[in-house]
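A.B. asks: Shown below is the structure under consideration.
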Amino acid sequence: MYSFWVLFKEGSMLLCYAFMLCFYAMLLCYAFMLCFYAMLLCYAFMLCFYAMLLCYAFMLCFYAMLLCYAFMLCFYAMLLCYAFML
């Protein structure tokens, strides 16, 4: 009877350790999942940043095109002015 009680006690202690190991493994799994989600969030912010840079590049192209049109208008106005002077 005594040996059965000792075996039961040791078995329950081993079971407790097994549950603790499962609990720690679950916590580790949650930590890795949180790291994974944080990494995905970081990639999303990086994509937003690259999209913003692309938007700025298109805006710069648009402003350069407007500047080019302004110079062309100045050139045509200058040609018109020379035509009137002749």
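Number 2 in the numbering used here belongs to position 2 of the sequence shown; there are no gaps in the numbering. In this text, a Cβ means the ideal position worked out from N, Cα and C, and glycines have one as well. Please read these numbers as outputs of a predicted model, since none were measured by experiment.
1) Can you tell me the Cα-Cα spacing of Met59 and Leu40, whole angstroms?
2) With DSSP run on the structure shown, which of helix, strand or coil describes Leu86?
3) Express the C-alpha separation of Cys16 and Glu10 in angstroms, rounding to a whole number.
4) Measuring only the C-alpha atoms, how far is Phe62 from Leu28?
5) Could you check the C-alpha separation between Phe23 and Tyr30 for me, to the nearest Å?
C.D. replies: Walking through what the data contain:
1) Leu40 has its alpha-carbon roughly 28 Å from the corresponding atom of Met59.
2) DSSP places Leu86 in coil when its eight states are reduced to three.
3) Between Glu10 and Cys16, the C-alpha separation is close to 10 Å.
4) So the alpha carbons of these two residues sit roughly 51 Å apart.
5) Distance between the alpha carbons of Phe23 and Tyr30: 11 Å.
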